[in-house]
Amino acid sequence: MDSKFSVFIVLSFLSLTLFSQTVKTPKEFLGYELGEHFTPHHKVVAYFNHVAQNSNMVQYEQYGETNELRPLTLAYVSSAANLNNLETIRKNHLANAGIGSGSGADKAIVWLSYNVHGNEASATEAAIKTLHELVTEKQAWLNNTIVIIDPCINPDGRDRYANWYNQVAAAPYNTNPDAREHNEPWPGGRPNHYLFDLNRDWAWATQVESESRLKVYNKWLPHVHVDFHEQGINEPYYFAPAAEPFHEVITDWQREFQTQIGKNHAKYFDAEGWFYFTRERFDLFYPSYGDTYPTYVGSIGMTYEQAGHGRAGLGILNDEGDVLTLVDRIAHHHTTGLSTVEISSKNAAQLNSEFKKYFAKKNFKYNSYILQGSDSKKLELMELLDKHEIKYGFANKGVYVSGFDYSKNGNGSMKTSDMDLVVSTNQPKAKMVKVLFEPKAKLSDSITYDITAWSIPYAYGFKAIASNKIVSAKDGRVNTNNTTYKKGDYALTVTWDGINSADFLSELLQNDIRVRFTEKPFENSGKTFERGTLIITKGDNRNLDNFTSRLNKIIKKHQINSKIINTGFASKGVDIGSPDIKEIKNKKIAVLSGNRTSSLSYGEIQYFFEQEIHYPYTAINTDDFSISKLNKYHILILPNGFYGGMLGKEQMNDLKSWIRKGGKIIAIGNACRTFANQEGFGLKYNESKDDEKKEISDAEKLIAYDQQERESISGYITGAVFKSKV
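Heads up: the sequence shown is residues 25 to 750, going by our numbering.
Take a look at the structure:
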């Protein structure tokens, strides 16, 4: 062997060894073995920073920030040569999806997402272990593979759980399931700050974590994406392949490679004697999960489920008499994470070729979706499509388009205007367009994990046509008519058009601008005004300082349709001074939270007030609630929940007295049961002849054991769309 070459090998080996030695183990850095404590988010970030600063195989970046100001981060793990060429690798990879230009893509891109549910807390601990082992022991895999690690998708929820557990856990930890360390208080660590389930938010991107993640996810579109989860304490480990139903856009290759991955995991689990299951429970259908969303944009998207969840803590005795420890949970997630990287590295060439085929094949029943609706709804949808980098345009005026009419649930046609949105499959993300917009997704099995109806035209209330043709479209934008109010104008009117209008109204009221609305339609100044139109008059606001400038400042902030009228005299219908045009008063609102309430339902309400209409409210804990407090408020909102135990006969009488004085109750979901069949409330349980008990034959009672699950869900409604007028 050439002596110079020998020296080079020795020096390279020494350099790598010395470099690896500067990376501390998790124990050396954190001061404890993984599995002895739950690591808070700031220490997770600190360790990832440490590894990135001491290894040339890691780049670490912040891609966002949570509502509670915790960083959202990603680590890029690969060979030093790949990381030095990362942007070129990314562009070459996206070119295979038809996005941008590039060539010669040959690296496997693997994205590992941990802890989307905060109290499934072993995942982030496993991420720490996986990062360390990749850079110190598994370098060979990284020569042709880019591993992207998101150590914690939901830092706010996870810290809520970890901080609580670290405070209440016994020393040593108590494995008795009755111990308080195994019973989280409301609302639990699963959701984010606004108590949203982030694993239902991939497609809808309502939350800051989802929106921030999609920006960087769409820059990569990895070949493989894993979403690490936990389930009940008695369940074996679940990994791919997934269960039916599979959405029809999923390719044979995506199915096949899930099986290859599963067999690779099984090899390691079999060697340890660990239990696992595949092809059950967790399907690939509803598009807003961390496995399905990536799948519909070309990835091999998978969920891995470890026993544990928010009950397990550092250790818990399960129903089989075994102690499930955090150490066990970390080991299982760590093993599948490394196994995923290994099998992806071995199949890098085929991952690239099949990824390219996924985006090249476009054979759809419908090729264009034409959408007519309010400006507010179109703006909402455009914002959503922008988040997903799905292309859209505006129709040419006066074109007749035929196809499936969503409002008729059958064939129909429409004449287009130049303000109609057009979304077609003539774009890289054609399959995601099909999934989100098609009238009805094909369902291969009625046993499914979640909802089965989500079609965007229905969800947004559009008048829509799905056409089998590519309908031409042009660039454009929704032009809201924000008329400036001039001093001396009689009144300014605003068309009521959803959330944007509510947000506008909220700001008017909080700036002491008096505003009215009409209960009846009218015509004035050559314009037509529908019920619900907001009316701001100079007469109502003549004593308000800087009224004109205040109003115009608010108008400028909001996407609304406003018009000026110059007289109170209507040419048709009610005049501005009519008793049917009523003033809207500021209202003080109370919302119940805490025990008895659904955290998801409360979170929706909190998000609505704080992020959508920016209107003040007061959250009252159910344990602190008393009817006497209601005299301070005009409206009481009861989120979905069960309140029977806290509202007895005496409280109900006090509540009715408050209502008679003008109070209003908004009860959501099961909260309505509190008032059903109660004297003084016009709410009754729905009963029909079908509810009457009937004789059931012995034969009907005897259901085959393997059919009991299917029979049990026969009355469930997992997805339905109804046309209604409110």
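Glycine is no exception: its CB is placed at the ideal position from the N, C-alpha and C atoms.
Cβ shell of residue i (< 6 Å), same chain only, five flanking positions each side left out
| i | result |
| --- | --- |
| V745 | A477, Y482 |
| T49 | none |
| H585 | In the sequence as displayed, the identity of residue 585 is Asn instead of His. So the list reads T504, N505, T519, once near-sequence residues are dropped. |
| I113 | K131 |
| F252 | Y138, A147, Y328, H357 |
| A643 | V615, S617 |
| D343 | N258 |
| I559 | A515, T517, R540 |
| N288 | S363, I367 |
| R574 | N535 |
| Y639 | S530, F633 |
| K415 | Q451 |
Distance CB(residue i)-CB(residue j) smaller than 7 Å
| i | j | result |
| --- | --- | --- |
| V82 | T148 | no |
| S437 | S426 | yes |
| A515 | T561 | yes |
| D307 | A264 | no |
| H217 | N91 | yes |
| N523 | E636 | Looking at the sequence provided, one finds Ile at residue 523 rather than Asn. Taking 7 Å as the Cβ cut-off, I523 and E636 qualify as a contacting pair. |
| N242 | E413 | yes |
| E254 | H358 | no |
| F301 | P260 | yes |
| I20 | N570 | This structure cannot settle anything about residue 20, because the visible part of the chain is limited to 25 through 750. |
| G597 | E547 | yes |
| H117 | I133 | yes |
| Y84 | G142 | no |
| G88 | S236 | yes |
| V171 | V240 | no |
| T646 | N619 | yes |
| G325 | L136 | no |
| L445 | L408 | no |
| F461 | D442 | no |
| Y753 | N576 | Residue coverage of the chain in this structure runs from 25 to 750, which leaves residue 753 outside it and unanswerable. |
| I754 | Y310 | Because the chain in this structure spans residues 25 to 750, residue 754 falls outside the shown range and cannot be described. |
| P401 | Y424 | A small correction: the amino acid at residue 401 is Lys; Pro does not occupy that position in the sequence shown. Their beta carbons are not under 7 Å apart, which means K401 does not touch Y424 by this criterion. |
| S549 | I579 | no |
According to DSSP, residues forming a beta bridge with residue i
| i | result |
| --- | --- |
| S137 | D174, D251 |
| E554 | E554 is not bridged to any residue. |
| E85 | L98 |
| S9 | The displayed coordinates of the chain run from 25 to 750. Any statement about residue 9 would go beyond what the structure contains. |
| E329 | H253, Y262 |
| G427 | G436 |
| G417 | V446 |
| T561 | A515 |
| R540 | I559, E607 |
| E547 | T552, K596 |
| S491 | S392 |
Chain-order list of residues whose beta-carbon lies under 8 Å from that of residue i (same chain, five-residue window excluded)
| i | result |
| --- | --- |
| T557 | T517, V518, T519, W520, F541, T542 |
| I354 | L58, G59, S146, E149, A150, K153 |
| A104 | N80, M81 |
| P452 | A121, G122, I123, F383 |
| L624 | P215, L219, F220, D221, N664 |
Close beta carbons around residue i, own chain, < 7 Å, minus the five adjacent residues each side
| i | result |
| --- | --- |
| K389 | N492 |
| H65 | R94, C176, P179, R182, D183 |
| N78 | T46, V47 |
| F705 | F699 |
| S496 | N420 |
| S398 | D521, G522 |
| K466 | E272 |
| A6 | Nothing about residue 6 can be read from this structure; the chain reaches only from 25 to 750. |
Contact test: residue i Cβ vs the ligand NAD heavy atom, cutoff 6 Å
| i | result |
| --- | --- |
| S650 | The ligand content of the structure shown is nil, which means the ligand NAD is not present either. |
Count the C-beta pairs between the segment 451-459 and the segment 303-321 that are closer than 8 Å, then say yes if the count reaches three, no if not. yes
For the segment 58-76 and the segment 336-351, state whether three or more C-beta atom pairs, one from each stretch, are separated by less than 8 Å. yes
Are at least three pairs of beta-carbons, each pair with one atom in the segment 121-128 and one in the segment 172-187, less than 8 Å apart? no
Could you tell me which whole beta strand (DSSP E) segments of length 3 or greater appear in the segment 333-377? As far as the segment 333-377 is concerned, its whole beta strand (DSSP E) runs of at least 3 residues are 339-341, 347-349.
Validate contact between the segment 181-201 and the segment 596-609 using beta carbons, cut 8 Å, 3 pairs: no
The segment 235-248 / the segment 365-378 touching (three or more Cβ pairs under 8 Å): yes
Which runs of the beta strand (DSSP E) fall wholly inside the segment 569-653 and span at least 3 residues, in chain order? 586-589, 605-608, 613-617, 642-645
Inside the segment 190-258 only - beta strand (DSSP E) runs reaching at least 3 residues: 248-255
At least three beta-carbon pairs within less than 8 Å, the segment 370-378 to the segment 229-238: no
If you scan the segment 647-693 from start to end, which runs of the beta strand (DSSP E) of 3 or more residues do you find wholly inside it? 659-662, 688-691
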